[in-house]
Amino acid sequence: EVQLVESGGGLVQPGGSLRLSCAVSGFTFSDHYMDWVRQAPGKGLEWVGRSKNKANSYTTVYVASVRGRFTISRDDSKNSLYLQMNSLKTEDTAVYYCTRVFFYVGSGYYPDSWGQGTLVSVSS
Amino acid sequence: DIQMTQSPSSLSASVGDRATITCRASQGIGSDLAWFQQKPGKAPKSLIYAASNLHSGVPSRFSGSGSGTEFTLTISSLQPEDFATYYCQQHYGSPLTFGGGTKVEIK
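In order, the protein sequence lines correspond to chains C and E.
Using the working numbering, read the first sequence as starting at 1 and increasing by one per residue.
Using the working numbering, read the second sequence as starting at 1001 and increasing by one per residue.
And the structure:
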């Protein structure tokens, strides 16, 4: 069974840092791209960024609003994905989800499994 | 960035009704579209990829169609567990943008 479990959320002051983790099981983590998606309280979903797999040089891409402040990394030996968040702003307050991205032959890369999310609150 | 616009933002329907949600892209995205379902307090669930393909385990009453700039998600006969918020997301170009969501409520 595919499982993704986020952790590391909490309350942080503006300008502070936080590192989220996503521990996965039930599949070969190293084969897959992984995404982070967030949802501000009462709002819609926002894609944060993507980590490609080793075969694609672990390339990362980000939405403009977090580029330069957030860093996605992964440790395939620990089956874990990370989101390092620096220079946090009040508008970064959200539930953060990690998702497994599955490659469908002929169709491309799409998220197919989601973690339960972890809440990040940025407030003074 | 590619803008995704969903309509309606909410719809009220009864069990057994057919529900249709539209998602429009600000530019052509081929068939590079996904649909998700989210219930209150829960993580989203992946329903459809590449505009019309159901993820494993998704009931056949869900279907997706469209290409280019206009897409639809149809629920052929609403069941009690289908009342939720639905989101589309384009996978044509980065950033992978979501629509604003459509809340399907019980009439």
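Backbone N, C-alpha and C fix where the C-beta goes; we use that ideal spot for every residue, glycine too.
Owing to the predicted nature of the structure, the values given are computational and were not obtained by experimental measurement.
Near Asp-76(C), what residues of its chain come up, given a Cβ to Cβ distance below 7 Å and the 5 sequence neighbours on each side ignored? Phe-29, Ser-30, Lys-54
Along chain C, in chain order, which residues have C-beta atoms closer than 8 Å to that of Ala-1043(E)? Tyr-97, Trp-114, Gly-115, Gln-116, Gly-117
Can you tell me which of Thr-1085(E), Gly-1064(E), Ala-1084(E) puts its alpha carbon nearest to the alpha carbon of Ser-1076(E)? Gly-1064(E)
So, do the stretch 1001-1009 of chain E and the stretch 1046-1064 of chain E have three or more beta carbon pairs nearer to each other than 8 Å? no
Less than 8 Å between the beta carbons of Leu-156(C) and Ser-113(C), yes or no? Here chain C covers residues 1 to 124 and nothing more, so residue 156(C) does not appear.
Quick check on Asn-79(C): does DSSP put it in helix, strand or coil? coil
Output yes or no for whether 8 Å exceeds the beta carbon distance between Tyr-1086(E) and Thr-1102(E). yes
Relative to the C-alpha of His-1091(E), which candidate in Ser-7(C), His-32(C), Trp-47(C), Gly-15(C) has its C-alpha closest? Trp-47(C)
Segment limits, beta strand (DSSP E) that includes Asp-112(C): 108-114
From Thr-1022(E), Lys-1042(E), Leu-1033(E), residue whose alpha carbon lies closest to that of Pro-111(C): Leu-1033(E)
Contact set between Glu-46(C) and chain E, taken where Cβ atoms lie within less than 8 Å: Phe-1098
Complete beta strand (DSSP E) runs within the stretch 5-42 of chain C (minimum length 3 residues, chain order): 10-12, 18-25, 33-39
Simplified DSSP state of Ala-55(C), which is helix, strand or coil: helix
Is there a Cβ from chain C that is less than 8 Å from the Cβ of Tyr-1049(E)? yes
Within the stretch 1033-1100 of chain E, ranges of the beta strand (DSSP E) (whole runs, at least 3 residues): 1033-1038, 1045-1049, 1062-1067, 1070-1075, 1085-1090
Comparing the C-beta of Tyr-104(C) with each C-beta of chain E, is any distance below 8 Å? yes
Proximal residues of chain C, C-beta to C-beta of Asp-1032(E) below 8 Å: Gly-108
Determine, for Ala-64(C), whether the minimum Cβ-Cβ distance to residues of chain E falls below 8 Å. yes
Tell me which same chain residues have a C-beta within less than 6 Å of the C-beta of Glu-1070(E), skipping the five on either side of it? Arg-1024
What in chain B is Cβ-close to Gly-1101(E), meaning under 8 Å? The displayed structure is made up of protein chains C and E, and chain B is not among them.
Backbone secondary structure at Glu-1(C) - three-state DSSP: coil
How would you list, in chain order, the residues of chain C whose beta-carbon sits under 8 Å from the beta-carbon of Ser-1108(E)? There is simply no residue 1108(E) to check, as chain E begins at 1001 and stops at 1107 in what is shown.
Anticipated Cβ contact below 8 Å, Glu-1105(E) with Ser-1009(E), distance rounded: That pair is no contact at about 11 Å.
What does Pro-1059(E) reach in chain C if we use C-beta pairs closer than 8 Å? The contacting residues do not exist; Pro-1059(E) stays about 16 Å from chain C at best.
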